[in-house]
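First comes the structure, then the notes that go with it.
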Amino acid sequence: MIWSQHANPGTVLVGEVRGFQPPLPRPIALDLPSQADAEEGRYGALGTDGSVPFLNMAGRTDAGSMAILLPLDADLPGRIEAIQRFWQMLNARPVPRDTRMTPYQRQRFRLMMQAADGRAAGASYREIGIALYGERRVLDEPWKTSPLRAAVIALARNASALIGGGYLGLLRHRRKP
6 MIWSQHANPG TVLVGEVRGF QPPLPRPIAL DLPSQADAEE GRYGALGTDG SVPFLNMAGR
66 TDAGSMAILL PLDADLPGRI EAIQRFWQML NARPVPRDTR MTPYQRQRFR LMMQAADGRA
126 AGASYREIGI ALYGERRVLD EPWKTSPLRA AVIALARNAS ALIGGGYLGL LRHRRKP
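So this is what it looks like as structure tokens:
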């Protein structure tokens, strides 16, 4: 999935520089596993997992003089981090993990989506609990008063909130005011 730069501050805005600086010694070739054209330019994603999204405002996939447009908005720290990942990928260096979600948040997100899938398929909370935590763990204590039951219900409720639009918050860093 490719997000616009307004929804995802991790999207790097790339444009062509004309006459501002000499051409790069080697043109930047952007191999795009996925791309989409829009009125503002060509959206693409670099990396085998699409980990570095960008918008090429010139609409070209390679050019000799490229620059990055960096909006000075509240998402500036996240945009700078995205530019660092983009640069690392262009230079065939290890790309640091996106820090917008911690490993714990990624794990919890996966559990929430599994719970949502289970509810959509008509599974009971108990059946979801068995799928997530194992039958032995669920059967070890009374289900009605089990902390696992409360956890499964919370996972399903939080998943519904994400599906209802809350997922957009995952695209931004949480910052203290």
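Sequential numbering from 6 applies to the sequence shown in the numbering used here. Ideal Cβ placement from N, Cα and C applies to all residues, glycine included.
State the start and end residues of the unbroken beta strand (DSSP E) segment that holds residue i.
{"i": "M71", "result": "M71 to L74"}
{"i": "G20", "result": "V17 to E21"}
Do residue i and residue j have their C-beta atoms within less than 8 Å of each other?
{"i": "L175", "j": "R124", "result": "no"}
{"i": "P101", "j": "Q93", "result": "yes"}
{"i": "P14", "j": "D80", "result": "yes"}
{"i": "D130", "j": "R111", "result": "Looking at the sequence provided, one finds Tyr at residue 130 rather than Asp. Not in contact: Y130 and R111 (Cβ atoms no closer than 8 Å)."}
{"i": "S165", "j": "A126", "result": "no"}
{"i": "Q40", "j": "G46", "result": "no"}
{"i": "E146", "j": "M71", "result": "no"}
Give the DSSP-derived three-state secondary structure of residue i in the structure shown.
{"i": "Q40", "result": "strand"}
{"i": "A12", "result": "coil"}
{"i": "G49", "result": "strand"}
If I'm right that residue i touches residue j with Cβ under 8 Å, what's the distance once you round it to whole angstroms?
{"i": "L173", "j": "A12", "result": "6 Å"}
{"i": "V157", "j": "G134", "result": "5 Å"}
{"i": "T150", "j": "A87", "result": "The pair is not a contact, with the Cβ atoms about 46 Å apart (cut-off 8 Å)."}
Assuming residue i is part of the alpha helix (DSSP H), what are its boundary residues?
{"i": "Y109", "result": "P108 to A125"}
Once the 5 residues before and after residue i are set aside, which same chain residues still bring their CB inside 6 Å of it?
{"i": "L160", "result": "L116, M117 and A120"}
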